[in-house]
Each structure stands twice: as structure tokens, then as C-alpha cells.
């Protein structure tokens with residue numbers, strides 16, 4: 171399937187469409203993969219136009235069962251996502267609040283509703299992610315993760331674990347944890 175019929179149904183500029191309210195009967199599967207490194211691949215070839223990737227990202231949503239779809243008022247096309255559909259590529263501290271920017275241009279403030287959570291990547295690494303919209307999340311990019319770790323503080327967490335994180339909008343945002351036995355050298359001493 172080509173992208174042209176799908177793209178003809180959406181506006182290239184403006185607000186994020188209300189894809190959470192669209193429930194078209196026509197469904198299909200598109201050969202589109204969002205790689206764990208943030209690349210969008212259509213029929214095995216990377217989409218090189220950032221504006222096209224941004225446009226497609228505005229019609230993406232995740233269903234409750236975990237499948238990802240590109241959605242227009244007329245149709246839904248299931249796609250494959252290797253890890254999370256978005257990558258955090260920038261972080262800025264403004265007046266005590268951390269603002270994160272995705273590779274497709276979304277900008278979110280870390281606060282009580284928009285919190286970092288720790289989860290495993292397909293490779294088995296525990297890396298923070300953050301909710302963006304419509305069930306979609308962004309994984310912290312490596313450079314952003316290390317930048318936030320440089321600004322982080324530690325505190326005692328649950329069951330003796332040492333937590334690494336930062337505070338944004340008055341809310342603790344976890345970046346990682348070191349279990350009590352790991353802090354003692356791994357053999358319980």
C-alpha cells in the first residue's frame with residue numbers, strides 16, 4: 171500500500187487531529203515499522219522526509235490491546251512498533267520544570283500526570299519512558315538520558331533501593347534504581 175491515499179485524508183498543518191475519537195470500520199495492515207532508534211521504515215526503506223514523519227505521527231494511536239494504528243476518519247492501518255514510537259531528543263529546564271521534546275516535535279512537561287516510568291527495552295535494558303498522547307510513549311534517547319543523569323539526585327527508595335531521579339513540577343521523576351544487594355557488591359555483603 172502507498173501512503174498517498176492515507177495522507178490525502180489529513181491536513182498537513184495545524185493541531186493534532188482527534189484520532190482518539192475516530193473509529194472507522196475500514197481496517198488494514200501497512201508495511202510501516204517504527205524502529206527502536208526512532209526511524210520510520212515504509213516497505214523496508216527509511217522515510218527521509220521529517221515533515222512526512224511528523225504528519226504520520228499526528229495520526230498515530232495505540233489501542234488498549236497494544237496494537238499501533240495510523241488512523242483517519244475513513245480507515246485504520248495497523249503498523250509495527252519495535253519499542254516505543256517516539257524518542258526524546260531534547261530536555262530543557264525552565265523555572266524548575268523539565269520539558270522534553272520528541273523526535274517528531276511533541277513537547278511535554280514532566281509533572282504529576284506526565285511522569286517518567288522505568289521499563290525494559292526489547293534489548294532488556296531498563297530505560298525511562300514518558301507518555302505523550304493517545305496511548306503513545308517516548309523512550310529517553312541516550313544523550314538526553316545521560317544529560318538528565320548529570321542533573322539527577324539520589325534518594326532512598328522502596329525496599330532499600332537507591333533511586334536516581336529528578337524533580338519536575340514538584341513530582342519525583344525516576345531515572346533508575348540500584349537495588350540494595352547491588353550497592354553492596356552483588357554478593358549481599
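Numbering (the working numbering), first residue to last: 171 to 359.
Where is the CB? At the ideal position from N, CA and C, for every residue including glycine.
Taking only three categories from DSSP, how would you classify residue i?
i           : result
residue 219 : coil
residue 340 : coil
residue 251 : strand
residue 357 : Legend: pLDDT at residue 357 = 45, less than 50; position of this residue unreliable, value from coordinates given subsequently. Reduced to three states, the DSSP call for residue 357 is coil.
residue 207 : coil
residue 190 : helix
residue 326 : strand
Based on Cα-Cα distance, which residue from the options lies nearest to residue i?
i           : options               : result
residue 264 : 185, 257 and 338      : 338
residue 206 : 328, 241, 295 and 267 : 295
residue 285 : 269, 293, 348 and 201 : 269
residue 266 : 190, 212 and 280      : 280
residue 185 : 214, 229 and 195      : 229
residue 307 : 320, 221 and 288      : 288
residue 256 : 227, 239 and 282      : 227
residue 233 : 347, 190, 346 and 282 : 190
residue 241 : 192, 276 and 218      : 192
How close, in whole Å, do the beta carbons of residue i and residue j come, if the pair is a contact with beta carbons under 8 Å?
i           : j           : result
residue 274 : residue 224 : 5 Å
residue 258 : residue 309 : 7 Å
residue 330 : residue 322 : Rounded, the Cβ-Cβ distance is 19 Å, inconsistent with contact.
residue 231 : residue 305 : 6 Å
residue 327 : residue 333 : 4 Å
residue 292 : residue 252 : 6 Å
Residue i: buried (16+ other C-beta within 10 angstroms of its C-beta) or exposed?
i           : result
residue 302 : buried
residue 254 : buried
residue 208 : buried
residue 247 : buried
residue 298 : buried
residue 311 : buried
residue 261 : buried
residue 199 : exposed
residue 343 : buried
residue 216 : exposed
residue 272 : buried
residue 249 : buried
residue 195 : exposed
Inset, instruction - Can you check the region 253-324 for any alpha helix (DSSP H) of at least 4 residues that lies completely inside it and give the ranges in chain order? - result: 312-321
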